[in-house]
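In this note's numbering, the protein residues as written are 22 to 184.
For each residue, glycine too, the CB sits at the ideal point set by N, CA and C.
Here's the structure, in structure tokens; my notes come after.
Here's what the structure looks like:
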């Protein structure tokens, strides 16, 4: 009798452990699918943000960011090459860090920086930010256009997000 109860108890424990493992595995699959769904919805969507000071010569900034389905080093190399080609239009690279995937540049009036982050093997986040004072022109279009230019050069579909 004790032996039968022990076998039943062991079987019950095994069943509970297997059921728990199944629930954990199922939730991991559901989480992964949700993450893929979210990533697909935001890939190529260029988000922008700007602020201008209310003071006459106050500071301001313009930023644009996008997630790309490409390796970060490839995105960085493409962006760096685009900036080098833009030197004829007055763009000067002031700093580049290949290890951090970061580059800073200027058009002689405004400064800007670009940072590429690796989110996955083939998933990257690109952020471009520009700062200016009230006497300088708004750089929102310049920053957003820079992101879209990199997307075009990589043959990746990007579009401005609906605000």
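Go through its chain and collect everything with a Cβ distance to residue i's Cβ below 7 Å, but skip five positions before and after it.
{"i": "residue 90", "result": "64, 143, 144, 177"}
{"i": "residue 182", "result": "66, 67, 68"}
{"i": "residue 98", "result": "none"}
{"i": "residue 75", "result": "none"}
Can you tell me which of the options puts its alpha carbon nearest to the alpha carbon of residue i?
{"i": "residue 95", "options": "77, 172, 108", "result": "172"}
{"i": "residue 121", "options": "138, 84, 108", "result": "138"}
{"i": "residue 174", "options": "76, 101, 154", "result": "101"}
{"i": "residue 86", "options": "70, 78, 109, 103", "result": "70"}
{"i": "residue 108", "options": "170, 127, 79", "result": "127"}
{"i": "residue 78", "options": "103, 166, 154, 180", "result": "154"}
With a CB to CB cut of under 6 Å and the five nearest residues on each side skipped, what residues in its chain are close to residue i?
{"i": "residue 125", "result": "115, 116, 134"}
{"i": "residue 136", "result": "123, 148"}
{"i": "residue 146", "result": "88, 138, 140"}
{"i": "residue 180", "result": "none"}
From what residue to what residue does the beta strand (DSSP E) around residue i run?
{"i": "residue 139", "result": "132-141"}
{"i": "residue 14", "result": "This structure leaves residue 14 out entirely; the chain is present only between 22 and 184."}
{"i": "residue 118", "result": "113-118"}
{"i": "residue 123", "result": "123-127"}
Can you list, in chain order, the residues of its chain with a C-beta nearer than 8 Å to that of residue i? Leave out the 5 residues immediately preceding and following it.
{"i": "residue 129", "result": "111, 113"}
{"i": "residue 170", "result": "103"}
*What residue ranges within the segment 59-109 form continuous alpha helix (DSSP H) runs of no fewer than 4 residues, ordered along the chain?*
93-106
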